[in-house]
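Number of protein chains: 2
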Amino acid sequence: MRSAETPTRPLRRDAERNRDRIVEAARTAIASEGIDVSVEEIARRAGVGVATLYRRFPTKEELIDAVLEDALGEICDAAEEALELEDAWAGFTSFLERVFELHVRNRGIKDVVTDDQHGHRRLDAARAELRPLIAEIIVRAQSQGTLRADFTKEDVPMIFWTGGRVAELTCSVAPELWRRYLGLLLDGLRADAATPLAHPPLTNEQLERVRRPGAR
Amino acid sequence: MRSAETPTRPLRRDAERNRDRIVEAARTAIASEGIDVSVEEIARRAGVGVATLYRRFPTKEELIDAVLEDALGEICDAAEEALELEDAWAGFTSFLERVFELHVRNRGIKDVVTDDQHGHRRLDAARAELRPLIAEIIVRAQSQGTLRADFTKEDVPMIFWTGGRVAELTCSVAPELWRRYLGLLLDGLRADAATPLAHPPLTNEQLERVRRPGAR
DNA sequence: ATGTAAACGGAGTGCCCCCTCCGCTTTCTG
DNA sequence: CAGAAAGCGGAGGGGGCACTCCGTTTACAT
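Chains as they are written, first to last, in this note's numbering: chain A, 3 to 218; chain B, 3 to 218.
Written out as structure tokens, the structure is:
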């Protein structure tokens, strides 16, 4: 799952240690200050100079990728565990809950799932791993008749965007408010609450374009 | 509703005209590029120098206030018209729809309703005007038995935050996708879909703190 | 018409941020 | 243990931004 190791000589011991410190510092810095933390701040937290950081990660985005890759991994774990629950609706809701808990613990996460700006090769790979899991969570709940039939996997990002926004805005004031929001939304996602929707879901291409505003 | 006119001499004719141009340019600039447009860009669109802009608005935030005040006014209009509909549920939904339409037309709006960073005196006044209207929209729909009883006016910002995020992210790709999101959410807001919620709504103080992260 | 205060514009200032350069230090190899 | 290569940090380049200074121009009152 991790990036292919090129057969170059391994890092020197101090470099290895610093690399770990940098990623860890970036994780906590992003978690507490959001994706806009300055590179200086991350380096300061890691106890290294900026040049050291830049030797390991040629650009700030690459560093962020490394952090967010782990976060996506956690989401994958949540999806896998959701599929182990017998009650598909419980699996569906537990998956969403786990993701939102992650959001609160790590403010930066929303920028993984949303802005795909920082979507490089490895992130794409993790996302590819996640996609079929999500599809399975959905069809399972639909075939058990609990999740509304017109809900699609392309609707999931929409839920992450919105719930993530609640979590992000309120995490310092009412860190669990997202549970209220999710409750309201889930009541609308149950099969027996369904009313025809006015608009179709995004297509995959549209989703790509939302995620990469820059891409031509 | 406008700010009190201090009894100073009125603006010279050219100054008055430029002021209008600046506000209008700021409106369209923010609508198309978001709240992060540079002051230079706004001045360029208005056909004036930056110094002219700064003479009229001592800070970028003051200028943004002037723009957003109008936007809030439009939201008030939407609320008033919603109250004229006989069917309270239709009023409730039409209010939300109008606000989201505004979001799409003017990307900047989300930053009024959300970040209260730019919340100065006049904005506060407009907000105070809006609050009772929203309360009335809600209790009316609840007393008609269509809106779930545990929904409160403090939940409305949450809807704006979330729907605004959908509108903002997808406005260039699927400008009406928010209708799908709103459909899902409304299905969860109907009284007969209601299931007990896991978390209470925000209190007013919490709402204030969400809006003014900076305020001590 | 004309004096004057108000208004104008664009060059300039200071700040912050991403990133690089380069002389010094540490680790690894034989 | 010694030489070489890899790693290190901090000063500084370059760019973008909000905002200001000041010599010139414009509108208005008499």
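Just so it is clear, CB atoms sit at the ideal spot from N, CA and C, and this is done for glycine as well.
Cut-off 6 Å between Cβ atoms - residues of its own chain near Leu87(A), not counting five sequence neighbours on either side
Gly93.
Do the CB positions of Leu191(A) and Leu184(B) come within less than 9 Å of each other?
Taking 9 Å as the cut-off, the Cβ atoms of Leu191(A) and Leu184(B) do not count as close.
Spatial neighbours of Arg4(A) in its chain, beta-carbon cut-off 7 Å, leaving aside the 5 residues before and after:
Caution applies to Arg4(A), whose pLDDT of 40 falls short of 50 and renders its modelled position unreliable; the value that the coordinates give is listed next. Taking C-beta separations shorter than 7 Å and ignoring five residues to either side along the sequence, Arg4(A) has no partners in its chain.
For the pair the region 155–170 of chain A and the region 141–154 of chain B, tell me if three or more CB-CB distances fall below 8 Å.
The region 155–170 of chain A, when compared against the region 141–154 of chain B, does not touch it at the 8 Å Cβ threshold.
Thr1(A) versus Leu179(B): straight-line alpha-carbon distance, rounded:
One cannot answer for residue 1(A) here, as it falls past the ends of chain A, which runs 3 to 218.
Under 9 Å, Cβ to Cβ, is there at least one residue of chain B near Phe102(A)?
Not an interface residue.
Given that a residue counts as buried once 16 or more other Cβ atoms are within 10 Å of its Cβ, and exposed if not, what is Thr205(A)?
Exposure of Thr205(A) is indicated by the presence of fewer than 16 other C-beta atoms within 10 angstroms of its C-beta.
Where Thr197(A) meets chain B, residues with beta-carbon distance less than 9 Å
Gly185, Leu188, Asp189 and Arg192, listed in chain order.
Considering Phe97(A), what are the terminal residues of the alpha helix (DSSP H) in which it resides?
Per DSSP, Phe97(A) belongs to the alpha helix (DSSP H) from Ala90 to Arg107.
For Leu149(A), the three-state DSSP class (helix, strand or coil)
Looking at Leu149(A) - three-state DSSP - the assignment turns out to be strand.
Give the range of the alpha helix (DSSP H) segment to which Ile161(A) is assigned.
Run containing Ile161(A): Val158 to Thr172, per the alpha helix (DSSP H) assignment.
Leaving out the 5 sequence neighbours to the left and right, which residues in its chain are closer than 8 Å to Ala195(B) when beta-carbon positions are compared?
Counting only Cβ-Cβ distances below 8 Å, and skipping sequence neighbours, we find Arg150 and Asp189.
Classification of Glu18(B) by the beta-carbon crowding that lies within 10 angstroms, buried from 16 upward:
Per the 10 Å Cβ criterion, exposed.
His105(B) to Glu76(B) span [Cα, whole Å]:
Cα to Cα, the separation comes out at about 11 Å.
Relative to the C-alpha of Ala200(B), which candidate in Arg182(A), Ala193(A) and Thr172(A) has its C-alpha closest?
Of the listed residues, the one whose Cα sits closest to Ala200(B) is Arg182(A).
Any beta carbon of chain A sitting closer than 9 Å to that of Gly165(B)?
Put simply, the CB of Gly165(B) is near chain A, with a gap under 9 Å to one of its CB atoms.
Leaving out five residues on either side along the sequence, give the residues of the same chain with a beta carbon under 6 Å from the beta carbon of Arg47(A).
Correct list, in chain order: Ala27 and Ala31.
Proximal chain B residues relative to Gln208(A), where beta-carbon distance stays under 9 Å:
Chain B residues near Gln208(A): Thr172, Val175, Ala176 and Leu179.
Here's the rule I'm using: 16 or more other beta-carbon atoms within 10 Å means buried, otherwise exposed. How should Pro203(A) be labelled?
When all chains shown are included, Pro203(A) counts as buried.
Alpha carbon of Asp89(B) to alpha carbon of Thr172(A), nearest angstrom
Roughly 33 Å separates the two Cα atoms.
Between Glu71(A) and chain B, is any beta-carbon pair separated by less than 9 Å?
It does not; no Cβ of chain B falls within 9 Å.
Per-residue burial, Pro198(B) [other beta carbons within 10 Å of its own, 16 or more giving buried]:
It is exposed - the Cβ of Pro198(B) has fewer than 16 other Cβ atoms within 10 Å.
Could you spell out where the alpha helix (DSSP H) holding Val175(B) opens and where it closes?
Note, Val175(B): premise wrong, no alpha helix (DSSP H); not H, not E.
Does DSSP put Arg214(A) in a helix, in a strand, or in coil?
Arg214(A): coil per DSSP, three-state reduction.
Rounded C-alpha distance that separates Asp72(B) from Ala143(A):
Going by C-alpha positions, Asp72(B) is about 45 Å away from Ala143(A).
Are the CB atoms of Ala80(A) and Arg100(A) nearer to each other than 9 Å?
Yes, these two residues count as a Cβ contact at 9 Å.
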